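Data block below; observations after.
Number of protein chains: 2
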Amino acid sequence: MKNEDQPKDKRLKPGDAQKLTMAEVAKYVGVSAMTVSRAFRQDASVSEETRKRIMEAVDALGYVLDLSAGSLSSRRSGFIAALVPSINNSNFSDTARGITDALENTGLQLLLGYTDYAAEKEEELIEAMLRRRPEGIILTGGSHTARARRMLAKAGIPVVETWELPEDPINHVVGFSNSEAMALLVRALASQGYQKFGYIGGTTARDTRGSQRRSGFQKAVEELGLGPGRMISFGVPPITMEQGGQAIVSLLERWPDTEVVLCVSDLSAFGAIMECKRRGMKVPGDIAIAGFGDYEISSICHPSITTINVDCYGIGRQAAARLLDALQGSGEATGDEIILTGYRVVLRESTGRSAAR
Amino acid sequence: MKNEDQPKDKRLKPGDAQKLTMAEVAKYVGVSAMTVSRAFRQDASVSEETRKRIMEAVDALGYVLDLSAGSLSSRRSGFIAALVPSINNSNFSDTARGITDALENTGLQLLLGYTDYAAEKEEELIEAMLRRRPEGIILTGGSHTARARRMLAKAGIPVVETWELPEDPINHVVGFSNSEAMALLVRALASQGYQKFGYIGGTTARDTRGSQRRSGFQKAVEELGLGPGRMISFGVPPITMEQGGQAIVSLLERWPDTEVVLCVSDLSAFGAIMECKRRGMKVPGDIAIAGFGDYEISSICHPSITTINVDCYGIGRQAAARLLDALQGSGEATGDEIILTGYRVVLRESTGRSAAR
DNA sequence: CTGTCGAGTGTTATCGATACCATAATGTCG
DNA sequence: CGACATTATGGTATCGATAACACTCGACAG
Chain Y
0 MKNEDQPKDK RLKPGDAQKL TMAEVAKYVG VSAMTVSRAF RQDASVSEET RKRIMEAVDA
60 LGYVLDLSAG SLSSRRSGFI AALVPSINNS NFSDTARGIT DALENTGLQL LLGYTDYAAE
120 KEEELIEAML RRRPEGIILT GGSHTARARR MLAKAGIPVV ETWELPEDPI NHVVGFSNSE
180 AMALLVRALA SQGYQKFGYI GGTTARDTRG SQRRSGFQKA VEELGLGPGR MISFGVPPIT
240 MEQGGQAIVS LLERWPDTEV VLCVSDLSAF GAIMECKRRG MKVPGDIAIA GFGDYEISSI
300 CHPSITTINV DCYGIGRQAA ARLLDALQGS GEATGDEIIL TGYRVVLRES TGRSAAR
Chain E
0 MKNEDQPKDK RLKPGDAQKL TMAEVAKYVG VSAMTVSRAF RQDASVSEET RKRIMEAVDA
60 LGYVLDLSAG SLSSRRSGFI AALVPSINNS NFSDTARGIT DALENTGLQL LLGYTDYAAE
120 KEEELIEAML RRRPEGIILT GGSHTARARR MLAKAGIPVV ETWELPEDPI NHVVGFSNSE
180 AMALLVRALA SQGYQKFGYI GGTTARDTRG SQRRSGFQKA VEELGLGPGR MISFGVPPIT
240 MEQGGQAIVS LLERWPDTEV VLCVSDLSAF GAIMECKRRG MKVPGDIAIA GFGDYEISSI
300 CHPSITTINV DCYGIGRQAA ARLLDALQGS GEATGDEIIL TGYRVVLRES TGRSAAR
């Protein structure tokens, strides 16, 4: 038991919660700290023999690399920040998973934050994230406070906005037009003969994707000459299943002859359908209902729900890929790029003109 | 335009993506860097006047604090790590949200990771997290690899295990007995007169909570003298809605006279119910089905689903609170504590003995 | 009038790893 | 066989903030 170099008078138990440093590992092996540092990186030139000895020592001592020290000197935090409106929404958690998967084996770690659909919260989070000096940042949507935009510009890191097509993109975009997608759904249903369209969505413009969907709905209905759509706003986004149920009640009270109702998301659509069934209405017999987002529930439930399928996971993967790209060829080649992700109408039982199977 | 101290030959544009340091802010204001550092912390003693001038300068220059530098010298990373099996599962995302909320205004940031229900993945993630020197860590469940346990012990930070009651807790625990909860559900249904019990869950012991629920089921059924339960294992956890549907088909093929089926989660229960309805069976008329977890869908869908309500959000909040406590009174008072969180049977339509409303 | 106190501020030495440059040892080729 | 790569390694400065301690200055007690 050698005890030649204990720093002061501190504990020196066998495998205690010591803070071990690279230097100590180095001394143990008989090399310099620099060599230990190199051994931890795959590219660096260290002989196989030495690396093996170092790694054995690391194991024996239970040393764990300290990235916070490393990132200070290397000026690379190893973080990617991502902000999503909510993690409880499976669309966004799919996106988060896409990002995580794309980051695997890149040595980059995800720092995740929830904005609760609020731009001010987003601003706060952006600042909190930037304090960790992320190498890139992924945002949801295209509306940000002025200060948020300023901070992002100043940070000088690649930014990817997702899930929308912002009018004034900061940098890169991976998304699709929510209004076009909703319009496509309107047209698909109109071509099945539906004429009296209703819409259920959340209040206010907090959820920009929601309001884009609504305006896409409105525009498409008018273009088809089907008069103004019947629209109910209900609750603060994100609308829950329960609110979907309440909303359809209001809508049908006001416009009892509505033939088909489009909802801002599958969740509200599901709530609406269940409420109808509870009241003895047949879906799609008495009323047709469609959603948006193609959540798992929509293909399983009975009746299955017509919806717009969005590649949530792919949005995450591509956003992260775009970021990695930008970090690779970091040579000022700020080739801002807009990547359109696909979506498609998925017709299911809830809007079936003939009886459901 | 002063240009007295440009380091080398680099760009020096007005508000460009420069890396600003505290020292530069300090020089701008005419104080020392230390004072700027103090101005950023609420407790430190800086005159109101000076602090105001500093913050104005920070704003004007667009300076953003660099926490990675700060955490190196202060030896406090400001991170709390949390590992959950999956973020796409709303039970766990509720827990994550509980943690996030509890951390608000503490200056601590959440580092989240997904283990995919795999102990090896958890081990990897624990190492990745520890490299960031988190001040505490929250885990899901009580099974960890030996190396993971070693690393955690060595790290010397408080650990909270959640969602279960581990046999051999590392440190703190915030959870409940999954087997007891499932047994309670069995007894509640037995008291309604059900006798022939079936069970649907995932394969293998990857999902320890799942296997605890299964054994709780088995034990309760036997204790009630209802013979061995009829159990179907289907798919790798987490079981999807679709797999729930497939599983109930197998179960009913094998044991057509089953009266009630308990599922490892509401999601599989929902899939099972929908599949039954698709096949023209009445739920609960022809068969009763119950889930576990009380997901939003279960109270909304038709029939609504009998389940065990678990305080997912509360588990997160309490786990974080426990951690904060441990960090406060960090004076070695490692009062390891086991906090039991509540759960309760929620009887709904899917197991109603009389016809659903 | 001297000594003590405390609020406000500055100076210096780190924190733990890595960038950068230097050096020793081993080839390698005309 | 000498000049020159190439590989493996070490030494030192440094990343940007903060801990720890020192200092200044006015207030106030004795």
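From first to last, the protein sequence lines are chains Y and E.
Here the first sequence stands for residues 0 to 356, where the numbers follow numbering that gives the first Met the number 0.
Here the second sequence stands for residues 0 to 356, where the numbers follow numbering that gives the first Met the number 0.
Positions of the beta carbon are idealized from the N, C-alpha and C atoms, including for glycine.
Since we're looking at a predicted model, the values are computed, not measured.
Cβ-heavy atom distance, residue i to the ligand NAD, below 6 Å
i	result
Leu250 (chain E)	The ligand NAD is absent from the structure shown, which contains no ligands of any kind.
Chain E residues whose Cβ lies nearer than 7 Å to that of residue i
i	result
Thr99 (chain Y)	Tyr113
Counted within 10 angstroms of its Cβ, other Cβ atoms place residue i as buried (16 or more) or exposed
i	result
Ala354 (chain E)	Model confidence at Ala354 (chain E) stands at a pLDDT of 42, short of 50, so the residue's coordinates are unreliable; what they give is reported in the following sentence. By the neighbour-count rule (16 or more Cβ atoms within 10 Å), Ala354 (chain E) is not buried but exposed.
Ile53 (chain Y)	buried
Gly77 (chain Y)	buried
Asn88 (chain Y)	buried
Asp206 (chain Y)	buried
Ala22 (chain E)	exposed
Gln94 (chain Y)	This sequence places Thr at residue 94 (chain Y); Gln is not what is there. Buried: at least 16 other Cβ atoms inside 10 Å.
Pro227 (chain E)	exposed
Thr139 (chain Y)	buried
Leu11 (chain E)	Caution is warranted here: a pLDDT of 33 is assigned to Leu11 (chain E), below 50, making its placement in the model unreliable, and the coordinate value is therefore given only provisionally. Answer is exposed; the Cβ neighbour count stays below 16.
Met33 (chain E)	exposed
Ile169 (chain E)	buried
Ser190 (chain E)	exposed
Arg352 (chain E)	exposed
Asn90 (chain Y)	buried
Thr386 (chain E)	For chain E, the structure presents residues 0 to 356; residue 386 (chain E) sits outside this window and is missing.
Leu151 (chain Y)	buried
Gln108 (chain Y)	buried
Glu121 (chain Y)	buried
Glu134 (chain E)	buried
Glu103 (chain E)	exposed
Asp167 (chain Y)	exposed
Ile296 (chain E)	buried
Ser72 (chain E)	exposed
Asp15 (chain E)	Because the pLDDT of Asp15 (chain E) is 45, which lies under 50, any placement of that residue in the model is unreliable, and the question is left without a value.
Met0 (chain Y)	Residue placement at Met0 (chain Y) is poorly supported in this model, since its pLDDT is 37, which falls under 50; the coordinates still yield a value, given next. Classification for Met0 (chain Y): exposed.
Ile247 (chain Y)	buried
Beta-carbon neighbours of residue i, restricted to chain E and to distances below 8 Å
i	result
Asp65 (chain Y)	Arg130 and Arg132
Leu71 (chain Y)	Ser67, Ala68 and Leu71
Gln108 (chain Y)	Leu110, Ala127 and Arg131
Phe269 (chain Y)	Ile296, Ile299 and Cys300
Ala244 (chain Y)	The residue you asked about is not Ala; residue 244 (chain Y) is Gly in the sequence shown. Chain E residues near Gly244 (chain Y): Ile299.
Per-residue contacts from residue i into chain Y (C-beta, under 7 Å)
i	result
Asn87 (chain E)	Ser89, Ser92, Asp93 and Arg96
Met54 (chain E)	Simply none; closest approach about 13 Å.
Ser76 (chain E)	Ser67
Met181 (chain E)	What Met181 (chain E) touches in chain Y: nothing, since even the nearest Cβ is about 23 Å away.
Met273 (chain E)	Ile299, Cys300 and His301
Amino acids of chain E, ordered along the chain, whose beta-carbon sits closer than 9 Å to that of residue i
i	result
Glu241 (chain Y)	Glu295, Ser298 and Ile299
Lys276 (chain Y)	His301
Gly351 (chain Y)	The premise fails here: Gly351 (chain Y) is roughly 14 Å from chain E at the closest Cβ pair, so nothing lies under 9 Å.
Partners in chain Y for residue i, counting only beta-carbon separations shorter than 8 Å
i	result
Met150 (chain E)	Gly61 and Val63
Problem set entry | Where the region 246 to 261 of chain Y meets chain E: residues whose CB sits under 9 Å from a CB there | none
Exercise. What residues from the region 122 to 144 of chain E come within 7 Å of chain Y, judged by C-beta to C-beta, listed N to C?
Worked result: Glu126, Ala127, Leu129, Arg130, Arg131 and Arg132
For this session: Jot down the residue ranges of each uninterrupted alpha helix (DSSP H) in the region 77 to 106 of chain E, minimum 4 residues, whole runs only, in chain order.
Result: 89 to 102
Exercise. What are the residues of the region 280 to 314 of chain E that lie near chain Y, defined by any Cβ-Cβ distance shorter than 7 Å?
Worked result: Within the region 280 to 314 of chain E, Glu295, Ile296, Ile299, Cys300 and His301 place their CB atoms closer than 7 Å to a CB of chain Y, listed in sequence order.
Exercise. Are there three or more Cβ pairs, one per stretch, closer than 8 Å when the region 333 to 346 of chain E is compared with the region 174 to 188 of chain E?
Worked result: yes
Problem set entry | Three-pair Cβ contact test at 8 Å for the region 143 to 162 of chain Y versus the region 311 to 331 of chain Y | yes
For this session: Give, in chain order, every unbroken run of the alpha helix (DSSP H) that is at least 4 residues long and sits entirely within the region 7 to 75 of chain Y.
Result: 21 to 28, 32 to 38, 47 to 60 and 66 to 73
Exercise. Hey, is the region 228 to 243 of chain Y in contact with the region 262 to 278 of chain Y, meaning 3+ C-beta pairs nearer than 8 Å?
Worked result: yes
For this session: Evaluate the contact criterion for the region 42 to 62 of chain E versus the region 250 to 262 of chain E: three or more CB pairs, one atom per stretch, below 8 Å.
Result: no
For this session: Just list the beta strand (DSSP E) runs in the region 153 to 214 of chain Y, keeping only unbroken ones of 3 residues or longer that don't cross its boundaries, in chain order.
Result: 158 to 161, 171 to 174 and 196 to 200
Exercise. Is the number of C-beta pairs between the region 99 to 118 of chain Y and the region 96 to 113 of chain E that are closer than 8 Å three or more?
Worked result: yes
For this session: Assess, as a yes-or-no matter, whether the region 195 to 204 of chain E is touched by the region 250 to 259 of chain E under the definition of 3 or more beta carbon pairs within less than 8 Å.
Result: They touch, by the three-pair rule.
For this session: Using a Cβ-Cβ cut-off of less than 8 Å, list which residues of the region 27 to 51 of chain E approach chain Y; keep chain order.
Result: none
For this session: Report yes or no: do three or more beta-carbon pairs, one from the region 285 to 293 of chain Y and one from the region 304 to 320 of chain Y, lie closer than 8 Å?
Result: yes
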